[in-house]
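Only one structure is covered here, and it is reproduced in the block below.
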Amino acid sequence: MRDPRELYELEPGAAASVRGAGVPFLHLLDGFLDAGRVLRGLTDHLLRVSEPVRVATFDTDALHDYRSRRPVMTFDTYRWTGVRSYELVVDMLRDATGRPYLVMHGPEPDVQWERVCAAILSLADTLGAGRLYTATGIPLAVPHTRPTGLTRTATEAGLAAGNPPLIERVEVPAQLSALLQFRAELAGRVAMGYVAHIPHYLVQVPYPRGVVRVLDALMDDSGLVIPPTGLDTEIADTDAMLANELESNTETADVVRALEEAFDATQERIVPVPTADEIGAELERFLAEREQGGDR
Numbered sequence: 002m003r004d005p006r007e008l009y010e011l012e013p014g015a016a017a018s019v020r021g022a023g024v025p026f027l028h029l030l031d032g033f034l035d036a037g038r039v040l041r042g043l044t045d046h047l048l049r050v051s052e053p054v055r056v057a058t059f060d061t062d063a064l065h066d067y068r069s070r071r072p073v074m075t076f077d078t079y080r081w082t083g084v085r086s087y088e089l090v091v092d093m094l095r096d097a098t099g100r101p102y103l104v105m106h107g108p109e110p111d112v113q114w115e116r117v118c119a120a121i122l123s124l125a126d127t128l129g130a131g132r133l134y135t136a137t138g139i140p141l142a143v144p145h146t147r148p149t150g151l152t153r154t155a156t157e158a159g160l161a162a163g164n165p166p167l168i169e170r171v172e173v174p175a176q177l178s179a180l181l182q183f184r185a186e187l188a189g190r191v192a193m194g195y196v197a198h199i200p201h202y203l204v205q206v207p208y209p210r211g212v213v214r215v216l217d218a219l220m221d222d223s224g225l226v227i228p229p230t231g232l233d234t235e236i237a238d239t240d241a242m243l244a245n246e247l248e249s250n251t252e253t254a255d256v257v258r259a260l261e262e263a264f265d266a267t268q269e270r271i272v273p274v275p276t277a278d279e280i281g282a283e284l285e286r287f288l289a290e291r292e293q294g295g296d297r
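Numbering (the numbering used here), first residue to last: 2 to 297.
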């Protein structure tokens with residue numbers, strides 16, 4: 002394999018400002034799976050609430066299949082006046098407390114995946130970054146009228162505790178972010194991912210509740226403080242659109258009602274398994290009560 006570091010160029014000043022600080026590193030790459038546009042919505046939100054500072058730029062020409070995804074050009078009267086080129090970059094952002102973090106965003110590379118993963122891990126090492134994070138959405142037969150579910154992926158079992166019992170083992174087409182998490186574990190790095198459960202009838206439209214769900218999980222695990230500014234308005238608009246659809250379309254309303262019944266029945270069958278700490282606390286309470294009873 003050729004030197005992976007040849008795939009990107011660092012901005013020395015910006016790199017020096019985060020080097021060795023153990024900052025969170027988010028990799029949010031547009032790929033084939035993003036139900037409800039959760040990944041795209043999260044990326045747009047992060048870039049909107051903070052002023053990005055470029056840290057690294059990847060060689061798109063070496064990684065992109067232009068015949069598969071063609072850039073958009075503008076023609077005006079008699080000449081070409083512009084092109085919307087693809088960019089694969091790493092930006093530094095700051096949360097509401099001023100804490101820096103890194104976001105890699107742009108199109109998922111079409112080629113050289115192993116080399117790209119090695120390049121990202123090399124870049125994380127060079128910058129002294131901390132944990133790696135990613136997010137996306139998957140379509141499931143769930144209703145939008147119930148809380149948005151979430152599945153965590155992680156390189157350590159304890160970091161994914163509390164996942165709903167959905168699928169234990171399955172083989173699926175790869176995403177680069179998933180491959181990166183796999184390679185990160187082999188390299189001894191901690192990496193996590195968040196998969197929002199999106200109603201299957203909403204996979205093609207933005208679903209801001211999914212964005213808020215993964216954002217909350219990211220903040221819980223990373224300690225970042227990122228305001229959901231604007232997302233509440235998007236949720237209200239989406240809810241209004243869906244309410245109007247249910248009111249005007251009885252077939253859609255019947256489908257959602259059936260999903261609600263199935264969802265509620267599933268939740269009733271799920272018996273939560275107590276954690277080791279909960280078991281220990283209950284045992285201590287039981288022993289304390291026995292001792293008190295003996296004293297009387």
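Cβ atoms here follow ideal geometry from the backbone N, Cα and C, with glycine treated the same way.
Contact between Leu151 and Ala192 does not hold, since their C-beta atoms are separated by about 17 Å, which reaches or exceeds 8 Å. The continuous beta strand (DSSP E) containing Asp31 extends over residues 26-31. Residue environment: Phe76 is assigned as exposed (fewer than 16 neighbouring CB atoms within 10 Å of its CB, all protein chains considered). Your pair Ser178 and Leu30 checks out as a contact, with CB atoms roughly 6 Å apart and the cut at 8 Å. Taking 8 Å as the upper bound for CB-CB distance, Val117 and Leu64 are in contact here, some 7 Å apart.
Nearest Cα to Ala155 within the set Ile168, Ala136, Asp126, Gly194: Gly194. Distance from the CA of Val173 to the CA of Val112, rounded to the nearest whole angstrom, comes to 19 Å.
For Ala161, the CB contacts under 7 Å within the same chain, skipping 5 residues up- and downstream, are Arg153, Thr154, Ala155 in chain order.
Where Thr127 is concerned, the enclosing alpha helix (DSSP H) starts and stops at 114-128. Note: His198 is bridge-paired with Ile139 in the DSSP secondary-structure output. The Cβ atoms of Thr137 and Val39 lie closer than 9 Å to each other.
Rounded to whole angstroms, Ala188 and Leu247 show a C-alpha spacing of 49 Å. Ranked by Cα distance from Ser51, the options Gln182, Asp62, Asp92, Ala142 are led by Asp92. Ser223 is the residue among Ser223, Ala36, Phe59 whose C-alpha sits nearest the C-alpha of Leu27.
Per the DSSP secondary-structure output, Val73 pairs in a beta bridge with Arg85. Judged by DSSP secondary structure, Met2 falls outside any beta strand (DSSP E); it is assigned neither H nor E.
Distance between Leu34 and His201, taken at the CA atoms: about 13 Å. From the listed residues Leu181, Ala175, Leu141, Asp126, the smallest Cα separation to Ile168 is found for Leu141. DSSP places Glu10 in the uninterrupted beta strand (DSSP E) bounded by 9-11. Take His106, set aside five residues on each side of it, and the residues of its chain with a beta-carbon closer than 6 Å to its own are Leu29, Thr44, in chain order. Straight-line measurement puts the Cα of Glu252 at about 40 Å from the Cα of Arg68. The Cβ neighbour count for Gly211, taken over all protein chains shown within 10 Å, is at least 16; the residue is labelled buried. For Arg3, the number of other beta carbons within 10 angstroms of its own is below 16, and it is reported as exposed. Counting of Cβ neighbours within 10 angstroms places Arg85 among the exposed residues, the total staying below 16. With contacts defined as CB atoms closer than 9 Å, Pro110 and Leu94 fail to qualify as a contacting pair. Residue state for Asp92 is assigned as strand, using DSSP reduced to three classes. For Pro209, the enclosing alpha helix (DSSP H) has its first and last residue at 209-223. Leaving aside the five residues that flank Leu180 on each side, the residues in its chain whose CB is nearer than 7 Å to its CB run, in chain order, Trp114, Cys118.
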